[in-house]
Amino acid sequence: MRTFAQMYLPIMQSYQPELLSRLQLLVNIDSGTGQSEGVEQIMAYLQSWLSDLGFAVSLYPAGHYGPNLLARRQGTGTGHMRLLVVGHVDTVYTRGAAMTQPFQIRDELASGPGVIDMKSGVLLGMYAVKALIDSNFEEYGEITLLFNNDEEVGSPGSASLFREIAPRIDAALVLEPSRSAEVITRARKGADKYVLEVTGVPAHSGVEPHRGRSAVIELAHKMIAIHQLNSMFPGVTFNVTRISSSEPLNVVPDAARCHISVRAFDEHSLNLARETLEQITSGKSVPGTHTRLTRTRGRTPYTATSAILWLVELAQQEGQALGLNVVAESKGGVSDANILVGAGVPTLDSLGAIGGGMHDLNREYLRINSLPVRGALLAGLIHHLSLSEWTGKDPTLEQ
Numbered sequence: 352m353r354t355f356a357q358m359y360l361p362i363m364q365s366y367q368p369e370l371l372s373r374l375q376l377l378v379n380i381d382s383g384t385g386q387s388e389g390v391e392q393i394m395a396y397l398q399s400w401l402s403d404l405g406f407a408v409s410l411y412p413a414g415h416y417g418p419n420l421l422a423r424r425q426g427t428g429t430g431h432m433r434l435l436v437v438g439h440v441d442t443v444y445t446r447g448a449a450m451t452q453p454f455q456i457r458d459e460l461a462s463g464p465g466v467i468d469m470k471s472g473v474l475l476g477m478y479a480v481k482a483l484i485d486s487n488f489e490e491y492g493e494i495t496l497l498f499n500n501d502e503e504v505g506s507p508g509s510a511s512l513f514r515e516i517a518p519r520i521d522a523a524l525v526l527e528p529s530r531s532a533e534v535i536t537r538a539r540k541g542a543d544k545y546v547l548e549v550t551g552v553p554a555h556s557g558v559e560p561h562r563g564r565s566a567v568i569e570l571a572h573k574m575i576a577i578h579q580l581n582s583m584f585p586g587v588t589f590n591v592t593r594i595s596s597s598e599p600l601n602v603v604p605d606a607a608r609c610h611i612s613v614r615a616f617d618e619h620s621l622n623l624a625r626e627t628l629e630q631i632t633s634g635k636s637v638p639g640t641h642t643r644l645t646r647t648r649g650r651t652p653y654t655a656t657s658a659i660l661w662l663v664e665l666a667q668q669e670g671q672a673l674g675l676n677v678v679a680e681s682k683g684g685v686s687d688a689n690i691l692v693g694a695g696v697p698t699l700d701s702l703g704a705i706g707g708g709m710h711d712l713n714r715e716y717l718r719i720n721s722l723p724v725r726g727a728l729l730a731g732l733i734h735h736l737s738l739s740e741w742t743g744k745d746p747t748l749e750q
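Note that the working numbering gives residue 439 to position 88 of the sequence shown, counting from 1, and the numbers run on in steps of one.
See the structure below:
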């Protein structure tokens with residue numbers, strides 16, 4: 352069994368000072384989803400750096416989100432393996448976060464907004480490819496990098512770009528972070544969103560409350576029933592979130608609503624959840640109220656197919672060369688891997704840097720020493736894939 356990751360480790364180590372310098376530059380630019388000025392700045396830097404590596408780079412405007420970046424580099428591979436490396440530059444933080452918590456390094460940990468989720472991952476992908484180029488390895492058919500601007504809100508403006516390029520991709524590697532150098536992701540739950548709206552009958556809460564039909568009380572009964580579903584369907588989660596109602600204190604509320612997030616590992620479970628929520632919607636505890644349920648389809652489940660399991664095996668082989676016992680997990684969170692798998696592309700996720708505290712400005716951190724190791728793993732995996740005879744396409748995904 353021939354592996355390649357070990358040969359890339361010293362190369363990635365040599366890149367460390369420049370990588371960290373560029374990471375500081377990117378982290379100190381506000382790029383919360385929709386902060387188009389910051390996204391444009393970051394994409395301009397990435398476009399320049401990737402052009403220097405011989406990539407043909409295109410920017411795709413996406414309204415108020417700013418541009419998405421697509422970079423392609425042709426290889427000479429006889430197997431013509433076409434690989435996609437994916438990252439996002441948007442964060443969850445409000446404008447001014449970079450000034451409040453700028454990039455800093457302390458005790459081998461780097462912090463700052465988006466340092467682990469996932470600006471370090473974006474640079475990790477770029478430098479892993481640079482390691483291949485600097486080693487004169489070009490046995491791939493084509494390497495494509497896609498860095499998008501709206502992953503944190505479900506990729507509404509970039510999903511169409513993923514689906515557009517999917518037919519030209521044999522395998523995808525997503526650079527979401529991981530908690531451990533030995534953990535990658537082979538499956539993720541799909542997610543649906545619902546809005547539950549209750550209409551009641553208003554009345555003066557002091558003079559004639561008996562004439563009212565409280566939408567709030569009806570909604571409360573339904574929310575409790577929905578929460579109890581968590582114990583009925585293994586592997587399916589029902590999370591009641593945003594709540595609102597009519598506000599006058601002297602009126603029996605005639606309108607109330609809540610939002611619901613449902614997640615499951617397969618489409619059957621998501622559809623079973625829909626049927627159950629519809630049953631709850633059709634019943635009532637407060638006579639005279641009416642309820643409407645609206646479903647919005649989110650990312651479809653990212654399921655471990657035979658092609659994905661093959662990618663896992665290759666990652667495990669490359670991990671062994673680095674002394675890593677790589678384990679592939681199934682996770683409840685969603686990512687752009689869901690979109691790619693739904694579009695028929697075998698995909699591995701969580702190949703980025705190691706850290707934690709995601710989405711918490713005071714806790715987000717990157718383990719600096721993970722960058723060379725995970726970069727070498729990624730470069731080795733790309734090398735290994737490029738020399739494989741199988742294109743990676745899974746017949747079950749193409750039906």
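Glycine included, C-beta positions come from ideal geometry on N, C-alpha and C.
| Check | Outcome |
| --- | --- |
| Within 9 Å, strictly: CB atoms of Leu-665 and Ser-565 | no |
| Straight-line gap, Gly-389 to Ala-554 (C-alpha atoms, nearest Å) | 50 Å |
| Beta-carbon contacts of Val-408 that lie in its chain and below 6 Å, excluding the five residues immediately before and after | Gln-398, Leu-401, Ser-402, Ala-422 |
| Own chain partners of Asp-485 with C-beta closer than 7 Å, once the 5 adjacent residues on each side are dropped | Ile-362 |
| Cβ pair Thr-588, Lys-540 closer than 9 Å | yes |
| Distance CB(Ala-538)-CB(Ala-655) smaller than 9 Å | yes |
| Straight-line gap, Asp-617 to Thr-640 (C-alpha atoms, nearest Å) | 34 Å |
| Assigned exposure category for Glu-559 - 16 Cβ within 10 Å defines buried | exposed |
| Assumed close pair Gly-438, Val-473 - CB separation to whole angstroms, cut-off 8 Å | 4 Å |
| Continuous beta strand (DSSP E) stretch holding Glu-548: start and end | 541–550 |
| Simplified DSSP assignment, three categories, for Gly-476 | helix |
| Candidates Asp-521, Ala-679, Asp-381, of which the one nearest Ser-529 by Cα | Ala-679 |
| Separation of Glu-626 from Val-613, as counted between CA atoms | 12 Å |
| Exposure of Pro-746, with buried meaning 16 or more beta-carbon neighbours within 10 Å | Note that Pro-746 has pLDDT 44, beneath the 50 cutoff, so the model's placement of it is unreliable and no number is given. |
| Per DSSP, cross-strand counterpart(s) of Glu-493 | Gln-425, Arg-433 |
| Same chain, Cβ closer than 7 Å to Gly-385, five either side skipped, listed in chain order | His-415, Tyr-416 |
| Spatial distance of Cys-609 from Thr-642 (CA atoms) | 11 Å |
| Separation of Tyr-716 from Leu-600, as counted between CA atoms | 45 Å |
| Val-480 and Ala-688 closer than 9 Å at C-beta | no |
| Own chain residues within Cβ distance below 7 Å of Gly-708, not counting five before or after | Arg-714, Glu-715, Tyr-716 |
| Residue nearest to Leu-675 in terms of C-alpha spacing, selected from Ala-449, Ile-520, Glu-533 | Glu-533 |
| Inter-residue CB distance, Lys-470 and Val-436 (contact presumed, cutoff 8 Å) | Not a contact, Cβ separation roughly 15 Å. |
| Inter-residue Cα distance where the pair is Pro-412 and Gly-726 | 29 Å |
| Whole-angstrom distance between Gly-463 and Glu-749, CA atom to CA atom | Any reading at Glu-749 must be qualified, since the residue scores a pLDDT of 43, below 50, and its modelled position is unreliable; the value itself is stated next. Each residue's Cα considered, the two are about 41 Å apart. |
| Gly-707 beta carbon near the ligand GDP (any heavy atom closer than 8 Å) | Among the ligands in the structure shown, none appear at all, so the ligand GDP cannot be discussed. |
| Cβ distance (whole Å) where Gly-703 is taken to contact Leu-460 below 8 Å | About 16 Å separates the two Cβ atoms, so there is no contact after all. |
| Residue closest to Ser-365, alpha-carbon to alpha-carbon, out of Asn-720, Leu-736, Glu-391, Asn-379 | Asn-720 |
| Other residues of its chain near Val-685: CB distance less than 6 Å, five sequence neighbours each side excluded | Arg-539, Ala-542, Arg-650 |
| N-terminal and C-terminal residue of the beta strand (DSSP E) that Ile-594 is part of | 588–596 |
| Close Cβ partners of Leu-580 (< 7 Å) along its chain, the five nearest in sequence each way excluded | Phe-589, Thr-627 |
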